[in-house]
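Chemist: I am attaching a structure below and will ask some questions about it afterwards.
Numbering (my numbering), first residue to last: -14 to 100.
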């Protein structure tokens, strides 16, 4: 259940956020990340924001898929969870945090599945 919620949060994050550093809007289409109105899948650093200027998440996209280290933040700026993606799927150790910054738990993933 936790992995389904995590995946859903990642998808929701990509839908409503923009990359304010480069002023390019990022959107999620057909399972991939694109720049707004772009034809090619996005490659590069993605910094996604809540409705104001608070950072919601930060990570990398390669050929439209999350790839490499990603960190998600609570609205208060504290880390919510962090871990790696490989070819768009959660991979390796993910660490989850409470609002106060204490570790809630750790989960290992391989190919997007909890192991």
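Where a beta carbon is used, it is the ideal one built from N, C-alpha and C, also for glycine.
As the structure is a prediction and not an experimental result, all values here were calculated from the model.
Can you say whether residue 78 is buried or exposed, counting buried as having 16 or more other CB atoms within 10 angstroms of its CB?
Modeler: Counting from 1 along the chain shown, the entry for residue 78 is found at position 93. Answer is exposed; the Cβ neighbour count stays below 16.
Chemist: Output yes or no for whether 8 Å exceeds the beta carbon distance between residue 45 and residue 30.
Modeler: Taking the first residue of the chain shown as 1, we reach residue 45 at position 60. Taking the first residue of the chain shown as 1, we reach residue 30 at position 45. For residue 45 and residue 30, yes; Cβs fall inside 8 Å.
Chemist: Cβ atoms of residue 49 and residue 27: under 8 Å apart, would you say?
Modeler: For the purposes of this step, residue 27 is taken as the residue at position 42 of the chain shown. For the purposes of this step, residue 49 is taken as the residue at position 64 of the chain shown. In this structure, residue 49 lies closer than 8 Å to residue 27 by Cβ.
Chemist: For residue 96, tell me which candidate among 88, 90, 71, 58 has the shortest Cα-Cα distance.
Modeler: Taking the first residue of the chain shown as position 1, residue 96 is located at position 111. Closest option to residue 96, Cα to Cα, is 71.
Chemist: Which residue marks the beginning of the beta strand (DSSP E) containing residue 41, and which one marks its end?
Modeler: By 1-based counting over the chain shown, the position of residue 41 is 56. Per DSSP, residue 41 is one residue of the beta strand (DSSP E) stretching across 40 to 47.
Chemist: Alpha carbon to alpha carbon, how far is residue 88 from residue 65?
Modeler: Mapped onto the chain shown, residue 88 falls at position 103. Mapped onto the chain shown, residue 65 falls at position 80. Approximately 9 Å, taken between the alpha carbons.
Chemist: According to DSSP, is residue 18 helix, strand or coil?
Modeler: Taking the chain shown and counting its residues from 1, one reaches residue 18 at position 33. The answer is strand: DSSP assigns residue 18 an E or B state.
Chemist: Can you name, in chain order, every residue of its own chain whose Cβ lies under 7 Å from the Cβ of residue 83, other than the five neighbours on each side?
Modeler: Within the chain shown, numbered from 1, the residue matching residue 83 stands at position 98. Counting only Cβ-Cβ distances below 7 Å, and skipping sequence neighbours, we find 89.
Chemist: Sort 16, 39, 81 by Cα distance to residue 92 and report the nearest one.
Modeler: The sequence position of residue 92 within the chain shown is 107, counting from 1. Closest by alpha carbon: 81.
Chemist: Report the option in 34, 16, 11 whose CA atom is closest to the CA atom of residue 23.
Modeler: For this step, residue 23 is matched to residue 38 along the chain shown. Residue 11 is the option with its Cα nearest to residue 23.
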